[in-house]
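Here is the structure we will look at, set down as structure tokens.
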Amino acid sequence: MVGVRTEPGVLRVVLERPVVNDVVIGDIGAALDRAEADPGVRAVVLTGGGGGVFCEGMDFAAADAGATGGDGAGPFFDLLHRFTTTRLVVVAQVDGRVAGGGVGLVAASDFVHATPASTFSLPEALWGLLPCTVLPFLIRRVGQQAAYAATLSTQAVDAAAAHRVRLVDEVTERPDAALRQLVFRLARLPQEVVGDAKRYFAALAPVDVGVRATAVAEFARLMDSPAVRERISAFVHRGRYPWER
């Protein structure tokens, strides 16, 4: 589900299947394990697999089959939380469409570099859902009102608009050049500084076990709704979107 390759100072993780499911979550976690075990790695970089998509969020086929339910929210929350606590710098390098859980991967990253072709959206409300695991990390990055507006509008915004609310740190036609410059700067830092900074900032604005419990419980409640299950099933089996009658 993900490809992994090593570059100078960097472990690159390629989202070859642009969805969030248990396999992808596990593969990204394993890549973090590998990177954390290598003292030469200072950053983990998430990129899309091409085709104009970074990550589209929930795997609806898995959800319809019952492979994603209330319990599925916990591991994804834990992965996003790990981004915010690892000693490594996590960089999202975006070139294309980002939706749903993909916005969570972006929001939990330390730095986000996006090309002008990139777009970002939270479509969950159209299905009768909420981006429960995404929102704690999105609020942390952009603030409550911007996250609230994105949740209810469901509207895709371009990279420039995402930059204005600080979801994106840099809009660039040359994301690899931006990454090289960042890695060069990181190489000047003592190894322990990134971990120290993450711990301190987490203490100032904690995303804690109480937040996790709330997110997991609300996702489970919404996913148990017969109306939500029917909307997902109609999309998977008949290609019908929730707003189509």
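Using the working numbering, the first residue of the sequence shown is number 0, and each one after it goes up by one. All C-beta atoms, glycine included, are put in the ideal place defined by N, C-alpha and C.
Q | beta strand (DSSP E) runs contained entirely in the stretch 197-232, provided each spans 3 or more residues | A | Counting whole runs of 3 or more residues, the stretch 197-232 contains no beta strand (DSSP E) stretch at all.
Q: Within the stretch 71-125, note down every full beta strand (DSSP E) run reaching 3 residues or more, in order along the chain.
A: 88-93, 96-98, 110-113 and 118-120
**Q.** Reduced DSSP category for Leu-14 - H, G, I as helix; E, B as strand; rest coil
**A.** By one-based count along the sequence shown, residue 14 stands at place 15. Reduced to three states, the DSSP call for Leu-14 is strand.
Q. How big is the Cα-Cα spacing for Asp-157 and Leu-14?
A. Taking the first residue of the sequence shown as 1, we reach residue 157 at position 158. Taking the first residue of the sequence shown as 1, we reach residue 14 at position 15. When rounded, the distance between both Cα atoms is 21 Å.
Q) Are the stretch 47-63 and the stretch 157-166 touching, with three or more C-beta to C-beta distances below 8 Å? A) No: fewer than three Cβ pairs fall under 8 Å.
(Q) Quick check: the Cα distance between Gly-100 and Gln-190, rounded to an integer number of angstroms? (A) Counted from its first residue, the sequence shown places residue 100 at position 101. Counted from its first residue, the sequence shown places residue 190 at position 191. Cα to Cα, Gly-100 sits roughly 30 Å from Gln-190.
Q.
In whole angstroms, give me the CA-to-CA distance for Val-12 and Thr-153.
A. Stepping through the sequence shown from its first residue, residue 12 is reached at position 13. Stepping through the sequence shown from its first residue, residue 153 is reached at position 154. Looking at the two C-alpha atoms, the distance is approximately 28 Å.
**Q.** Counted within 10 angstroms of its Cβ, other Cβ atoms place Val-192 as buried (16 or more) or exposed
**A.** Taking the sequence shown and counting its residues from 1, one reaches residue 192 at position 193. The residue is exposed, with fewer than 16 neighbouring Cβ atoms inside 10 Å.
Q | Extent of the continuous alpha helix (DSSP H) run through Thr-150 | A | Locating residue 150 in the sequence shown gives position 151, counting from the first residue. First-last of the alpha helix (DSSP H) with Thr-150: 143-152.
Q. Whose C-alpha, out of Asp-37, Asp-63 and Val-19, is nearest the C-alpha of Val-52?
A. The sequence position of residue 52 within the sequence shown is 53, counting from 1. Of the candidates Asp-37, Asp-63 and Val-19, the one whose C-alpha sits nearest the C-alpha of Val-52 is Val-19.
**Q.** Beta-carbon proximity list for Pro-74, same chain, < 6 Å, skipping 5 on both sides
**A.** Along the sequence shown, read from residue 1 onward, the residue named residue 74 stands at position 75. So the qualifying residues of the chain are Ile-24.
Q | Gly-194 in three-state terms, based on DSSP | A | Residue numbering aside, residue 194 sits at position 195 when the sequence shown is read from its first letter. Gly-194: helix per DSSP, three-state reduction.
Q: May I ask you to report which of helix, strand or coil DSSP gives Val-182?
A: Taking the first residue of the sequence shown as 1, we reach residue 182 at position 183. Three-state result, Val-182: helix.
Q) Tell me the DSSP bridge mates of Val-9? A) Taking the sequence shown and counting its residues from 1, one reaches residue 9 at position 10. In DSSP, Val-9 forms a bridge with Glu-6 and Ala-42.
Q) At which residues does the beta strand (DSSP E) containing Val-52 begin and terminate? A) What you label residue 52 is simply residue 53 of the sequence shown in a count that begins at 1. Val-52 -> beta strand (DSSP E) spans 52-54.
Q: Using the Cα positions of Arg-96 and Pro-115, report the straight-line distance between them to the nearest angstrom.
A: Counting from 1 along the sequence shown, the entry for residue 96 is found at position 97. Counting from 1 along the sequence shown, the entry for residue 115 is found at position 116. About 11 Å.
Q.
One question on the structure: do Ala-106 and Pro-122 come within less than 8 Å of each other, judged by their Cβ atoms?
A. The count along the sequence shown starts at 1 and reaches residue 106 at position 107. The count along the sequence shown starts at 1 and reaches residue 122 at position 123. No, these two residues do not count as a Cβ contact at 8 Å.
Q) Which same chain residues, not among the five before or five after Val-88, have their C-beta less than 8 Å away from its C-beta? A) For the purposes of this step, residue 88 is taken as residue 89 along the sequence shown, with counting starting at 1. Cβ within range, chain order: Arg-41, Ala-42, Val-43, Asp-109, Phe-110, Leu-181, Leu-185 and Val-193.
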